Amino acid sequence: MQGNSVGDSCQPEAFCWASELAFALEPLLLSELPPPPALTEEDARDLDAYTLAKSYFDLKEYDRAAYFLRGCKSQKAYFLYMYSRYLSGEKKKDDETVDSLGPLEKGQVKNEALRELRVELSKKHKAQELDGFGLYLYGVVLRKLDLAKEAIDVFVEATHVLPLHWGAWLELCNLITDKEMLKFLSLPDTWMKEFFLAHIYTELQLIEEALQKYQSLIDAGFSKSTYIISQIAVAYHNIRDIDKALSIFNELRKQDPYRIENMDTFSNLLYVRSMKPELSYLAHNLCEIDKYRVETCCVIGNYYSLRSQHEKAALYFQRALKLNPRYLGAWTLMGHEYMEMKNTSAAIQAYRHAIEVNKRDYRAWYGLGQTYEILKMPFYCLYYYRRAHQLRPNDSRMLVALGECYEKLNQLVEAKKCYWRAYAVGDVEKMALVKLAKLHEQLNESEQAAQCYIKYIQDIYSCGEIVEHLEVSTAFRYLAQYYFKCKLWDEASACAQKCCSFNDTREEGKALLRQILQLRNQGETSSTEIATPFFLPASLSANSTPTRRVSPLNLSSVTP
Amino acid sequence: MAWCTPTCSASRTGSPLTRWRCWCSSASWAALARSSTSWSGGGSTGCCCHCCRLKLIAEGELKDMEQFFDDLSDSFSGTEPEVHKTSVIGLFLRHMILAYNKLSFSQVYKLYTALQQYFLNDEKKCGIDENDMELTNTEELDGKMEKEELDVPLREEEISCSGPLSQKQAEYFLSQQASLLKNDETKALSPVSLQKELNNLLKFNPDFAEAHYLSYLNSLRVHDVFSSTHSLLHYFDRLILTGAESKSNGDEGYGRSLRYAALNLAALHCRFGHYQQAELALQEAIRIAQESNDHVCLQHCLSWLHISEQKIFDSCVLLEHSVNKSLHFGLPYLASLGIQSLVQQRAFAGKAANKLMDALKDSDLLHWKHSLSELIDISIAQKTAIWRLYGRSTMALQQAQTLLSMNSLEAVNVGVQQNNTEAFAVVLCHLAELHAEQGYFAAASEILKHLKERFPPNSQHAQLWMLFDQKIQFERAMNDGRYHIADSLVAGITALNSIEGMYRKAIVLKAQNQMLEAHKLLQKLLIHCQEIKNTEIVISVLLSVAELYWRSSCHTIALPVLLQALAFSREYSLQYLASETVLNLAFSQLILGVPEQVLNILHMAIEPGLAHGAVLDKGCAMFLVAKCQVASTASYSQQKKAEALESAILNLNEAKTYLAKVDCKEQLRDVLYFQARLFHTLGKTQERNKCAMLFRQLHQELPAHGVPLINAFK
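Residue numbers (our numbering), protein chains in the order written: chain A, 1 to 560; chain C, 561 to 1274.
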């Protein structure tokens, strides 16, 4: 852990990460501390120049630092030399953006130093003279030049040479877009790899695997690491296990009360649960710590959004984007705000921006779909929902949305497939089954409809939490009528009685009960043998699994 | 005042693209240079001066540029100002001065370096490489240097991403490429390089929505459903933004682009043949258009609706509506397209020819009035096709030639080279086939070669000539009796047109004497074509079926089939097929032993046949006539008989020349045999021997398939 020394001190983020982890471990005794790396002859010769340059570097006078380092031979100094040149280019680029000649030049500003750096570094790379940090820098330069493939190779090399440098791993994370790519990387076998894998699994939405990795890291002794805790919380957020994520975040805030990182995710969770006071507390707290952080702005935006002050919310998201134009979440959230304000065109713009920043942002695709749905273009929005569904194949919300669109387009077969699939992948909002049942009802497939309703009721009751679910009464009413038609009096009357406990179906339930009584009296003998209360399971659920298993969702025929 | 025209500054460069580039860049960066020439006096010397001025600034120092701007503001003052403040140039100059004054310190320097670089590039370009088609190369110099310096080969993308285009440059580039895609695909950039340019464009200016649309068109070219959908939707997402700024939901606002977005999506699905999807999208477009009372959009929807429904069931009702309404709303383009489509449908449905021609004439009037040259082309191509359908090859030929020779006129007038549109492909294909029919195979292959050049294999309309090419090859192979070759062509034809392919397959089977299979296939085809109402093929199939019958000596069964075919072809006024049917009928009757009757019918069929028919058919017809003449001599006196036979021999000679033209050896052999027999009867030994010898030669060349010689008519 203490191996991270020189290079990291130039890269605050990576250094911070390593220190955090080190802090999470048990403190070492003095005797156990590894000796500081020995200085070589070259290092000693460059030491003064290096120290001078380092202080300039810390003062952000990059060109000056580079100037004093130009003749140095040692690896350390060389890295600092190149790195300051790189950063100077970046800084100039940022300054330039403000100062451009007009819209014409938009996107034209770039880091002029990159090309030169690349030439020099590639020569060194050829001659195998680069150390781990040099390789890392070379990779960064390549990535900035959009040479992703070469960059990946270089970063992999960097991790082999210097496995303890988290920066290289992190860069690698940004470059890997799918699982297949991950498979073909040959990575060094160190404990850092575990961190990397866990991180990338989270990125690629492979939450199960990520959680496993993190658990094993905790077991290995990193139980106090705030980094791991926050990552786990984010992972839970991604699979929408809100309660768990919330509790972990609360824990995290106890351990690290001045933390700003990841707090935007936390605020999202609070938002989803509509926990106004907590969100307000968080917003004020963060605002006190640092107003001008992207995360803070996001939290405040969420807070305003929850209070239905959408203009203000949009304003804060805009501020977040000013602070960091590549901060993806804010674009999407701003889109949501515009949607709330019924400003569809601005919403579309925001979502499109989000997609431009990251094509894999499923929320933006979903948001676009929603916008067009609001504009009453169900066919048009299919495309967007499909994209969202592709990115999150196991998220029921997209499937339900798709199903609704198909329903609007009168493509009932596809709609049924979507709803069934949504149910199969674990429906969050518990609406898929009702919708499916209604579809069956519409198509006069009473058997399937009844089965869906049964499943739905079982689902609701097994959850046990929701009391006032609107559709429960509908389900009972339909079931009562269905059983009535099938002349299964016991079930029918059970359902009808259930109906009576809901306001909107009370009258119907009573009427049905009377009818049943009448008919029963007429044909007393026939109906004695059945006596199962249907919605409380066993006997029925055994034979009531919907017979029409519409297995894997196949929309390929309609997907362009 | 002498205003240096854009072309002036470009006159030193060769290709149109380079010329454009020079102009556009001068429009943006070197606008100052241009304006400087405006009061430097001479018109033709302006170009030179402009260069000088630029050179002075570029090679001089920053102060030269500053001086230039200082001078510029002076030109408004004085008793007799060189430029009026309110004139176009005056406004432009004042704009420029204002913009310059606003620049911050570092921006001024940046402008100067940019100008220098621009000048340097231009000079280098003119000096080194006249034909450099590269659009942008602001940093090519560095790129090249670096390339030499670096052993690692730079990736191509990196080099091409050399710099941004200005707004004007980009717009011009897009409109140019789009019009090329429409009119002359071969001249446009290849799909790959065009996409690369577009990506580059979007990289530097992601808000440039039109580029997405072009990328959609480009993806259509390579039949990439996925990325074309993606680009289309992206374009409209962007468009909605720009529209939103003007008006919220009004006529011009983004409500409009929403409608057209849905409409375009429908068009996309139509193009890819997803008719069901298209219809859903159309419903949406129609609904939104109705809600906002956009009749123009509704008309477009209606037209597309017709196209998508046409594939499912043909109805003219929609189309008629569409034509009427379009005329009402003053959409001549749409109306004409509707009329043309209607004419086509009616032609297939066998409506009276004169009415159709009238309708086309009327719509032509409309075209000329609005100078819709594209539609004129289509109209002529359609006339060609209709004449072909009716079997009037001469008229078809004439129409085809009209279009082709009109082209030169068009190019002179408008300056738009509209010569690679679908209309031309159609006409040229017909021309090739017409020539092949007349036995001018060399000419036909020449035309096809030309087609291949004009419509390279991966372009939009290439499938047309591919089909015709294979059809012509097929016919030749059949004439030659090389059935295996014909058989191998069937697969290719089927790929392009399944019905045609099936029909050809049946013909090959028939020729190979696999009667049973052929019959089965033909029956299947017959049912299918009757369903989709493809009368032309139906009649052809009926003829083939009849032929199968008489080949198996069931002439009595063949007769009703032939009569049915005749009725059809008369009803749909397909004259070519009608005369062929009559010939078949005559043959059957001949075999059934009523030669006098046959001669009567033949007189009816022979004239149109000789006038418009293919050479092969002419030969067969003459052969048949001779046969009938001989058959009818049975009852004649000796004297008359000899005369009749003489004339039969003359007819056979004619048949021979026809058949020789198309290389139809098998029939030629039969004719020779028959002729030899006639000579023998007349006692002309020498002639007989000559014919016999020729027959012998051919017979050795072609093994007889056991088909009775006289019994076959074709």
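Heads up, the beta-carbon is just placed ideally off N, CA and C, and yes, glycines get one too.
Values in this document were obtained by computation on a predicted structure and should not be read as measured data.
### Query
Which whole-angstrom value is the C-beta distance of C/A1275 and C/L1143, which I expect to be below 8 angstroms?
Residue 1275 of chain C lies beyond the range of chain C shown here (561 to 1274); nothing can be said about it.
### Query
If you follow the alpha helix (DSSP H) that C/K1084 is part of, which residue opens it and which one closes it?
1075–1092
### Message
When you compare the CB of C/I800 with every CB in chain A, is at least one pair closer than 7 angstroms?
### Response
yes
### Query
Going by the beta-carbon positions, is the gap between A/V357 and A/R326 smaller than 7 angstroms?
yes
### Query
Which residues in the same chain have their Cβ closer than 7 angstroms to the Cβ of C/Y660, if we skip the five residues on either side of it in sequence?
F629
### Query
What residues in the segment 1201–1234 of chain C bring their beta carbon closer than 7 angstroms to a beta carbon of chain A?
none
### Query
Short check: CB of C/A996 to CB of C/I940, under 7 angstroms?
no
### Task
Check whether the Cβ atoms of C/L1301 and C/C1251 sit closer than 7 angstroms, and answer yes or no.
An answer regarding residue 1301 of chain C cannot be provided, because it is not within the stretch 561 to 1274 covered by chain C.
### Message
Please state the DSSP three-state secondary structure of C/K807.
### Response
Residue placement at C/K807 is poorly supported in this model, since its pLDDT is 44, which falls under 50; the coordinates are not used for a value here.
### Task
Just tell me which of A/R387, A/K487, A/F476 has its CA closest to the CA of A/D504.
A/F476
### Distance, A/V434 Cα to A/R397 Cα
14 angstroms
### Message
Using 8 angstroms as the cut-off, can you tell me whether the segment 334–353 of chain A makes contact with the segment 271–287 of chain A, which would need three or more C-beta pairs spanning the two stretches below that distance?
### Response
no
### Task
Return the Cβ separation of C/L1170 and C/K1178 in integer angstroms, given the expectation that the two are a contact with Cβ distance under 8 angstroms.
6 angstroms
### Query
Over what stretch of residues does the alpha helix (DSSP H) that includes A/Q11 continue unbroken?
Looking at the DSSP string, A/Q11 is not in any alpha helix (DSSP H), and its letter there is neither H nor E.
### Message
Please tell me whether C/K704 has its Cβ less than 7 angstroms away from any Cβ of chain A.
### Response
Residue placement at C/K704 is flagged as unreliable, the pLDDT there being 39, under the threshold of 50; the coordinate-derived value follows with that caveat. So, not an interface residue.
### Query
So with Cβ pairs under 7 angstroms, would you call A/M377 a contact of chain C?
yes
### Query
Can you name the start and end residues of the alpha helix (DSSP H) that A/L180 belongs to?
Leu is not the amino acid found at residue 180 of chain A; the sequence shown has Glu there. Counting along the chain, the alpha helix (DSSP H) containing A/E180 begins and ends at 179–183.
### Query
Can you tell me whether DSSP reads A/T528 as helix, strand or coil?
The predicted model places A/T528 with a pLDDT of 44, which falls under 50 and marks its position as unreliable; any figure quoted below should be read in that light. Coil at A/T528, not helix or strand.
### Task
Name the residue from A/D146, A/H165, A/E209 whose alpha carbon lies nearest to the alpha carbon of A/T190.
A/H165
### Task
Report the rounded CA-to-CA distance for C/H1088 versus C/C857, giving the unit in angstroms.
36 angstroms
### Query
Quick one, which residues of the segment 837–862 of chain C are near chain A if we go by CB-CB under 8 angstroms, in chain order?
Q837, L840, A841, Q843, E844, R847, I848
### Message
I want to verify the contact list: residues of chain C whose CB lies under 7 angstroms from the CB of A/E356, in sequence order.
### Response
P766
### Task
Please state whether DSSP places C/G898 in a helix, a strand or coil.
helix
### Message
Measuring only the C-alpha atoms, how far is C/S882 from C/Q850?
### Response
15 angstroms
### Task
Quick one: residues in its chain with C-beta nearer than 8 angstroms to the C-beta of C/L1123, no 5 flanking neighbours on either side, listed in chain order?
L1145
### Query
So, helix, strand or coil for A/C72, using DSSP?
coil
### Closer than 7 angstroms at the beta carbon, the chain A residues around C/A769
Going along chain A, no residue has its Cβ under 7 angstroms from C/A769, so there is no contact; the nearest lies around 10 angstroms.
### Query
Any idea what DSSP makes of C/C1224, helix, strand or coil?
coil
### Host alpha helix (DSSP H) of A/R307 (start-end)
Neither: A/R307 is in no alpha helix (DSSP H) and is coded neither H nor E.
#### Entry: Segment contact flag, the segment 935–949 of chain C with the segment 985–992 of chain C, C-beta cutoff 8 angstroms, min 3 pairs
yes
#### Entry: Residues near A/K73 in its chain [Cβ-Cβ closer than 6 angstroms; skip 5 each side]
E42
### Message
Counting only beta-carbon separations shorter than 7 angstroms, does A/R386 have a partner in chain C?
### Response
no
### Message
Given this structure, state the Cα-to-Cα distance separating A/A18 from A/E26, to the nearest angstrom.
### Response
14 angstroms
### Task
Look at the alpha carbon of A/Y316 and the alpha carbon of C/K885, and state the distance between them as a whole number of angstroms.
51 angstroms
### Query
Going by the beta-carbon positions, is the gap between A/L217 and A/A245 smaller than 7 angstroms?
no
### Task
Output yes or no for whether 7 angstroms exceeds the beta carbon distance between A/M275 and A/V299.
no
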